[in-house]
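Residue numbers (this note's numbering): 3 to 351.
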């Protein structure tokens with residue numbers, strides 16, 4: 003999305019904030035957000051309002067600039083990049099307007115441009131990336147107020163200043179990066195970095211339910227080249243295996259039929275505590291097995307050359323790489339997963 007000569011990446015809706023000035027960075031349109039969840043578990047409606055994974059991107063010759071932001075829910079971090087280079091990290095606290103004064107490091111002017119631009123992004127691109135708060139809670143939502151470049155012009159990045167391909171990722175809080183202390187450590191962000199891709203992270207913490215409205219929205223997104231679908235873990239205590247399979251089938255069908263030829267990767271459930279419970283025949287242990295098997299069966303059912311199956315246990319192959327909740331990966335776990343998933347995907351692309 004381009005607005006006021008800025009690119010709002012992974013933003014589907016700029017919504018006027020309530021009670022304060024500024025525009026909320028929304029990953030989903032309101033009509034999609036309000037259709038998510040179930041009567042008993044409507045969490046998707048507010049989880050979809052989290053700004054983690056959104057970015058504000060621009061190019062300017064201003065050496066010093068200011069970005070004005072507000073955290074409207076829980077506190078969290080914003081990570082600033084020059085291209086792929088981490089510039090700084092800033093903590094936003096609710097109830098306070100934060101003015102971030104940023105200065106480009108003089109060393110960028112002392113190094114050959116050819117050496118600088120070996121990553122995915124041109125080093126000329128400022129990226130204001132909405133990260134996260136490590137602690138679980140209502141999420142991290144950010145409102146954008148203003149960019150001040152002190153008389154210098156600014157513009158959205160040109161296509162040649164951005165990665166050539168984009169990864170669309172849908173899944174649980176694991177895909178959205180929970181367990182990572184900073185968003186760029188999330189496994190899917192790590193995967194994209196290693197593949198040289200940009201990323202549209204549509205992870206839904208605790209709320210990845212494959213609603214028909216979500217399926218239609220994702221399938222209609224035009225600006226992606228490869229997709230990953232990490233499905234099942236959030237539906238174990240809500241739906242039967244049959245209902246899960248039906249919902250996953252509709253999601254896959256919409257994406258592959260509306261995006262013919264684009265590679266899509268199905269990922270079975272990652273390891274979690276339910277795989278190793280002391281209690282025998284626990285319903286969650288059974289659900290882990292049945293839901294993963296349902297994904298395998300759907301892969302076989304569609305039998306498309308560009309639809310690939312990846313086993314979650316092959317990607318997270320070290321149980322100690324989980325955080326203490328024994329479901330979300332730690333930073334180490336996310337990085338390990340990113341390395342292994344990128345390697346597996348590159349073999350199939």
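C-beta atoms are modelled at their ideal positions from N, C-alpha and C, and glycine is treated no differently.
Each of 135, 86, 9 and 244 was checked against the Cα of residue 124, and the nearest Cα belongs to 86. The beta-bridge partner set that DSSP reports for residue 57 consists of 11 and 131. Cα atoms of residue 164 and residue 255: separation of roughly 30 Å, rounded to the nearest angstrom.
If you draw a 10 Å sphere on the C-beta of residue 236, you find 16 or more other C-beta atoms in it, and that means buried. DSSP lists no bridge partner for residue 154.
At least 7 Å separates the beta-carbon of residue 207 from that of residue 80. Counted as a single uninterrupted DSSP element, the beta strand (DSSP E) harbouring residue 78 occupies residues 78-84.
Cα atoms of residue 148 and residue 15: separation of roughly 17 Å, rounded to the nearest angstrom. Per DSSP, reduced to three states, the secondary structure at residue 108 is helical. In this model, residue 58 and residue 335 are separated by some 28 Å (Cα to Cα). In this structure, residue 168 lies near residue 200, with their beta-carbon atoms less than 7 Å apart. Scanning its chain for C-beta atoms nearer than 6 Å, with the 5 sequence neighbours on each side dropped, one finds around residue 249 the residues 212, in chain order. Taking all protein chains shown into account, residue 96 has fewer than 16 neighbouring C-beta atoms within 10 Å of its C-beta and is therefore exposed.
In this structure, residue 136 lies away from residue 74, with their beta-carbon atoms at least 7 Å apart.
Boundaries for residue 28: no alpha helix (DSSP H) harbours it, while the beta strand (DSSP E) harbouring it runs 25-28, taken from the DSSP string. Residue pairing for residue 229: DSSP places it in a beta bridge opposite 170 and 266.
Comparing C-alpha distances from residue 40 to each of 351, 306 and 209 shows the shortest one belongs to 209.
Taken atom to atom, the span from the alpha-carbon of residue 343 to that of residue 118 is near 27 Å. The C-alpha of residue 66 is placed about 46 Å away from the C-alpha of residue 309. As DSSP reads the structure, residue 221 sits in no beta bridge. Counted as a single uninterrupted DSSP element, the alpha helix (DSSP H) harbouring residue 344 occupies residues 333-350. Of 133, 143 and 190, the smallest CA-CA separation from residue 317 is found for 190.
CA-CA distance, residue 234 to residue 263, rounds to 25 Å. Between the alpha carbons of residue 226 and residue 10 lies a gap of roughly 15 Å. Inclusion of residue 266 and residue 214 in the CB contact set at 7 Å is not warranted, their separation being larger than that value. When DSSP states are grouped into helix, strand and coil, residue 147 belongs to the strand group. For residue 181 against residue 330, the beta-carbon gap comes to about 3 Å, under 8 Å, which counts as contact. Here DSSP, grouped into helix, strand and coil, assigns residue 202 to strand. Ranked by how close their Cα comes to the Cα of residue 108, the residues 63, 186 and 94 have 63 in first place.
DSSP places residue 67 outside any alpha helix (DSSP H); the residue lies instead in the beta strand (DSSP E), whose first and last residues are 66-73. The C-beta distance from residue 34 to residue 219 rounds to 5 Å, short enough to meet the 8 Å contact threshold. Going by DSSP, residue 258 is part of the alpha helix (DSSP H) stretching over 243-260.
Note that the C-beta distance between residue 185 and residue 133 is below 7 Å. Taking the C-beta atoms as reference points, residue 12 is found nearer than 7 Å to residue 55.
Distances from the alpha-carbon of residue 128 to those of 99, 160, 153 and 142 put 160 closest.
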